[in-house]
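These notes are about the structure you will find just below.
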Amino acid sequence: MKIVNDASFQSDVIDASQNKPVVVCFAAEWSHPSQCAVASLEQMESNYAGRATFVTMDFDENEGTAAKYGVSVMPAFVVFANSQPREEWSGVYADKIREKLDQFIPR
Numbered sequence: 774m775k776i777v778n779d780a781s782f783q784s785d786v787i788d789a790s791q792n793k794p795v796v797v798c799f800a801a802e803w804s805h806p807s808q809c810a811v812a813s814l815e816q817m818e819s820n821y822a823g824r825a826t827f828v829t830m831d832f833d834e835n836e837g838t839a840a841k842y843g844v845s846v847m848p849a850f851v852v853f854a855n856s857q858p859r860e861e862w863s864g865v866y867a868d869k870i871r872e873k874l875d876q877f878i879p880r
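Start counting the sequence shown at 774; every next residue gets the next number (the working numbering).
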């Protein structure tokens, strides 16, 4: 899964979401739930290959972007489509992640 930062966010997320949805996972190295969420997304990534892009962003190193999208709890997810945030949620539940993704990404 690609790691993005404040500098690459525009091209890797906003611009890229014009072509297909981009799922951003805001996480932190020190947060066990964050690491579990990243692992879940890595497992799901192949199921959505070609239909969505999955990226992760370190919350501590990119506080500006996290604040812009209201991220205060980790892990947090934002799905971008057509250059706009379309869905936001937090938590590690794999079923919830799939449910949210399937609203924007056809199987």
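Note that CB positions come from ideal geometry on N, CA and C, so glycine has one too. Just so we're clear, the structure is a prediction, and the values are computed from it rather than from any experiment.
Checklist entry - Considering only residues of the same chain and omitting the five flanking positions on each side of T829, which have a CB-CB separation below 7 Å? => result For the purposes of this step, residue 829 is taken as residue 56 along the sequence shown, with counting starting at 1. So the list reads M774, I776, C798, A800, V811, once near-sequence residues are dropped.
Checklist entry - If you check the beta carbons only, do P794 and V852 fall under 8 Å apart? => result Translated into the one-based positions of the sequence shown, residue 794 becomes position 21. Translated into the one-based positions of the sequence shown, residue 852 becomes position 79. Going by beta carbons, P794 and V852 fall inside the 8 Å limit.
Next on the checklist: Taking the alpha helix (DSSP H) that K841 belongs to, which residues open and close that run?
Outcome noted: In the sequence shown, the residue the question calls residue 841 occupies position 68. K841: member of the alpha helix (DSSP H) spanning 836-841, first to last residue.
Checklist entry - Cα separation between E834 and K869? => result As a first step, residue 834 must be located in the sequence shown, where it is residue number 61. As a first step, residue 869 must be located in the sequence shown, where it is residue number 96. In this model, E834 and K869 are separated by some 26 Å (Cα to Cα).
Checklist entry - Would a C-beta distance cut-off of 8 Å place Y842 and E861 closer than the cut-off? => result By one-based count along the sequence shown, residue 842 stands at place 69. By one-based count along the sequence shown, residue 861 stands at place 88. Cβ atoms of Y842 and E861: closer than 8 Å.
Checklist entry - Are the beta-carbon atoms of T826 and F782 separated by less than 8 Å? => result Your numbering for residue 826 matches position 53 in the sequence shown. Your numbering for residue 782 matches position 9 in the sequence shown. Contact: no.
Item to check | Exposure of S790, with buried meaning 16 or more beta-carbon neighbours within 10 Å | outcome: If you number the sequence shown from 1, residue 790 lands on position 17. Counting every other CB atom within 10 Å of its CB across the protein chains shown gives S790 a total of 16 or more, marking it as buried.
Next on the checklist: Taking 7 Å as the limit between beta carbons, can you name the residues of its chain near N855, skipping five residues before and five after?
Outcome noted: Here residue 855 is taken as the residue at index 82 of the sequence shown, counted from 1. Correct list, in chain order: S790, Q791.
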